[in-house]
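K.L.:
Here you go, one structure.
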Amino acid sequence: MIHARRRVGKGEPDILSREILRIGFRCRRCGTCCRGKDHLVLVMPDEVRAVLAQAGGTWQESVEPYPEFLEGRNGTRYTLGWCLRRNSGACHLLSGDRCTVYGSRPRICRTYPFVLTDGRLEVSPCPGIGAPMTGEEALVIASALKERATAEDAEEVQVARVLSACEMPAGCRCVVDTEGIRVLDG
Ligand code: SF4
């Protein structure tokens, strides 16, 4: 999975899809990308809700704060997003090698192993890379990449708005997301 939040360009689905088609990819449903101590799945609030709608449970049971905290004023420490919780190094939504929320999986999961970085297509290691695929399948991934880039751009703008408009309570740990500031503990 993608290990860090990146600024990404939007790309063009038709150009992207040709590039993806040239590379080739077919998900083997092996679950490898859902495991590993560094495999953080960053999620936005709408994605958390989609996961909860399918899997049930509470917000706290489903996500944890992104682990890099920044120093704020008055002893406050804050982080800029959420990650899916992990059990023993794997996404808690993985059962065996299967994703239990496949139809509602987050954008990062829909686009893995591809990512747009400043408009460039990058590919993470994956056993499915190089497999034959159809043009339609490539277009689906390209469209998902573009939608992800648009959502991440919007998230960045909205989080900056929240940061500039809201006062964080003193002496707390907080998560700042697109919807506001959530206090984790005092
Ligand atoms: S949500 Fe599903 S696809 Fe995404 S990391 Fe978790 S188990 Fe894997």
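Under our numbering, think of the first position of the sequence shown as 1381, with each following residue one higher. The beta carbon of each residue, even a glycine, is placed where N, CA and C say it ideally should be. Because the structure is a prediction, the values reported are computed rather than measured.
1) Does the beta-carbon of L1473, which I'm using as the reference point, lie nearer than 7 Å to any heavy atom of the ligand SF4?
2) Is the separation between the beta-carbon of Q1538 and that of V1481 shorter than 8 Å?
3) Name the DSSP beta bridge partners of P1512, please?
4) Can you name the residues that DSSP bridges to L1396?
5) Here's the rule I'm using: 16 or more other beta-carbon atoms within 10 Å means buried, otherwise exposed. How should G1461 be labelled?
6) Using the Cβ count rule (16 or more neighbours within 10 Å means buried), how would you classify T1459?
7) Do V1421 and I1521 count as a contact pair if the criterion is CB distance below 8 Å?
8) If you draw a straight line from the C-alpha of F1405 to the C-alpha of T1412, how long is it?
9) Kindly indicate which residue of S1504, C1414 and L1401 has the alpha-carbon position closest to the one of T1514.
10) Using only alpha-carbon positions, find the residue among R1453, S1442, P1447 and R1457 that is nearest to L1464.
11) Measuring CB to CB, does P1505 end up less than 8 Å from P1486?
12) Taking the alpha carbon of D1498 as the point to measure from, which residue in L1543, G1437, V1423 and D1533 has its own alpha carbon closest?
13) Under three-state DSSP, which class holds V1388?
14) Shorter than 7 Å, the distance from the beta carbon of R1487 to the closest heavy atom of the ligand SF4, or not?
15) What would DSSP say about A1332, mapped onto helix, strand or coil?
16) Assign P1445 to one of three DSSP states: helix, strand, or coil.
17) One question on the structure: do G1455 and A1524 come within less than 8 Å of each other, judged by their Cβ atoms?
18) Please state if the CB of V1431 and the CB of S1468 are separated by a distance shorter than 8 Å.
P.N.:
Put simply:
1) At least one heavy atom of the ligand SF4 falls within 7 Å of the beta-carbon of L1473.
2) Cβ distance not < 8 Å, so Q1538 and V1481 don't count as in contact.
3) Under DSSP, no beta-bridge partner is assigned to P1512.
4) The partner list for L1396 (beta bridge, DSSP) is empty, contrary to what the question assumes.
5) Around the beta-carbon of G1461, 16 or more other beta-carbon atoms lie within 10 Å, marking it buried.
6) A buried status is given to T1459, since no fewer than 16 other beta-carbon atoms sit within 10 Å of its beta-carbon.
7) The answer is no: Cβ separation not under 8 Å.
8) Whole-angstrom Cα-Cα distance: 15 Å.
9) Proximity to T1514 across S1504, C1414 and L1401 peaks at L1401, based on C-alpha coordinates.
10) Distance check between L1464 and each of R1453, S1442, P1447 and R1457 places S1442 closest, using alpha-carbon atoms only.
11) No, these two residues do not count as a Cβ contact at 8 Å.
12) Distance from the Cα of D1498 is smallest, within the candidate group L1543, G1437, V1423 and D1533, for D1533.
13) Caution applies to V1388, whose pLDDT of 38 falls short of 50 and renders its modelled position unreliable; the model cannot decide the point.
14) Not under cutoff, so the answer is no.
15) This structure cannot speak to residue 1332, because the chain is shown only from 1381 to 1566.
16) In the structure shown, P1445 sits in a strand (DSSP, three-state: E or B).
17) A distance of 8 Å or more separates the beta carbons of G1455 and A1524.
18) No, the Cβ-Cβ distance between S1468 and V1431 is not below 8 Å.
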